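These notes are about the structure you will find just below.
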Amino acid sequence: MSLTESVLFEQLDQSVQLLQEDAGFSYLEALIESGENLLANGDVLVKDGIPSPTAVKQLETIYKQIDLNAYTSEDVRKALQLLFIKGMRADYIQPNHQMTPDSIASFIAYLIEIIAEPDSETRLSIADLTLGTGNLLFTIYHFLTSGKRQVTMTGIENDELLISLASMSSALQQLDMTLYHQDSLQNLLLEPVDVMVGDLPIGYYPVDQNAARFKIAREEGHSYVHHLMLEQGLHYLRPGGFGFYIVPSNLFDSVEGKQLLTYIQSVGHFQGFIQLPKDMFKTEAARKSILIVQKQSESSTQASEVLLGTAPSFNDPTQMKEFLGEINIWKKENLK
């Protein structure tokens, strides 16, 4: 953590702990409250006498020390990421709501740059149907806009706490994005996008009546939510657009998984499947991979050789550079 990120983290963490002690909020609830106070130029929101006058004075003193204009948008994102991690541990957030690590998000950003090869002169549209706190989407955004490229972001999240964190985070980073608080598997007010990303939740989707709209829904019982998300993502991709998803490494092992692959190949192209480094996961069963799909178009083609491989440790920059170079060669030889 850089000095600038550390200072902002400590100041916000201090304000969060003050709100926790005085108002009885959970860590993440207090973080949202503190972020909103900061966005209101340091004016502390008081409701029914909470927080107390003493706490208000202490909070105002902290906020006066914070000048957001002194930080880059990426500095703010990194400081907030650390606060989110601390809050998720403190509040015992369920596994499906855990934040996507920077290392994986940055790796996906590199894959988008190499494989989707977005035009630097044309505005790129990206959507995440499983936004969470937004760290995956924000990390990709900062990477892709490091030059002159313009990127529009859309995030959809059903959990009220998570979308509040994402909204607060984007505002503090001074990022322009469109947010929808809704079930991502319902009909969406979303124009087809160039790139779809997602750290897909694992489990069953409980709304069978809605699941029945999807071609890969199970005939009996609940359907897998991550399977439905992949179908939904392909639906909202523009022709020729790419999807980059974090999925279980055993995604295609089951009968339903094979049916999913058949569906993907009926409307799109299965272009790649990259296993993430083994050292990132406690067990082999928990291991994740990056699935790369492309929606069919008049000019798109199935790669002559699907990109299959295992990413080296993210702690080995030399091997990672070589691996990305190999992906670049694969792109030139297999995706026309």
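For the sequence shown, the tail end lands on 336 under the UniProt record's numbering, and the numbers increase by one without skipping. Glycine included, each C-beta is placed from N, C-alpha and C at the ideal position. Keep in mind that this is a model prediction, so the values were computed, not measured.
Distance check between residue 158 and each of 312, 326, 132 and 59 places 132 closest, using alpha-carbon atoms only. Restricting attention to 12, 26 and 91, the CA atom closest to the CA of residue 68 is found in 12.
Taken in chain order, the complete alpha helix (DSSP H) segments of 4 or more residues contained in the stretch 100 to 166 are 102 to 111 and 135 to 144. In this structure, residue 179 sits away from residue 202, with a CB-CB distance that is not shorter than 8 Å.
When DSSP states are grouped into helix, strand and coil, residue 245 belongs to the strand group.
The stretch 47 to 63 makes no contact with the stretch 74 to 94: fewer than 3 CB pairs, one atom from each, lie closer than 8 Å.
Rounded to whole angstroms, the gap between the alpha carbons of residue 130 and residue 108 is 15 Å.
With at least 16 other beta carbons inside 10 angstroms of its own, residue 225 counts as buried. The beta carbons of residue 328 and residue 140 sit no closer together than 8 Å.
Burial state of residue 34 is buried, judged by a 10 Å Cβ sphere holding 16 or more other Cβ atoms. For residue 32, the closest of 14, 70 and 161 by C-alpha to C-alpha distance is 161. According to the DSSP assignment, residue 178 belongs to the beta strand (DSSP E) that extends over 177 to 181.
Between the stretch 86 to 103 and the stretch 304 to 312 there are fewer than three inter-stretch CB-CB distances shorter than 8 Å, so the stretches are not counted as touching.
Its chain contains 163 as the residues whose beta carbon lies nearer than 6 Å to that of residue 181, once the 5 sequence neighbours on both sides are disregarded; these appear in chain order.
For residue 310, no alpha helix (DSSP H) run applies; the uninterrupted beta strand (DSSP E) run containing it begins and ends at 307 to 310, by DSSP. For residue 293, the beta-bridge partners assigned by DSSP are 243 and 270.
By a beta-carbon distance limit of 8 Å, residue 9 contacts residue 82. Their separation comes to about 5 Å. By the neighbour-count definition (other C-beta atoms within 10 Å, threshold 16), residue 170 is a buried residue. Setting aside the 5 residues that flank it on each side, residue 183 is surrounded in the same chain by 158, each with a C-beta closer than 7 Å to its C-beta; the list follows chain order. Residue 198 has 245 as its beta-bridge partners, per DSSP.
Taking all protein chains shown into account, residue 100 has 16 or more neighbouring C-beta atoms within 10 Å of its C-beta and is therefore buried.
Counting every other CB atom within 10 Å of its CB across the protein chains shown gives residue 304 a total below 16, marking it as exposed. Our two residues, residue 6 and residue 70, have alpha carbons roughly 13 Å apart in a direct line. Judged by DSSP secondary structure, residue 227 falls within the alpha helix (DSSP H) whose first and last residues are 225 to 235. Contact between residue 28 and residue 36 is absent: CB atoms are separated by about 13 Å, not below the 8 Å threshold. Taking C-beta atoms under 8 Å as the contact rule, residue 138 and residue 174 fail to qualify, at a distance of about 12 Å. Three or more Cβ pairs closer than 8 Å define a contact, and the stretch 205 to 219 falls short of that threshold against the stretch 237 to 255. Distance from the CA of residue 120 to the CA of residue 219, rounded to the nearest whole angstrom, comes to 45 Å.
Within the same chain, and ignoring the five residues on either side of residue 30 in sequence, the residues whose Cβ sits closer than 6 Å to its Cβ are 16, 19 and 20. Here residue 317 is exposed, its C-beta having fewer than 16 other C-beta atoms within 10 Å. Residue range 27 to 39 is occupied by the alpha helix (DSSP H) that includes residue 35. Per the coordinates, the alpha-carbon of residue 264 lies some 15 Å from the alpha-carbon of residue 290.
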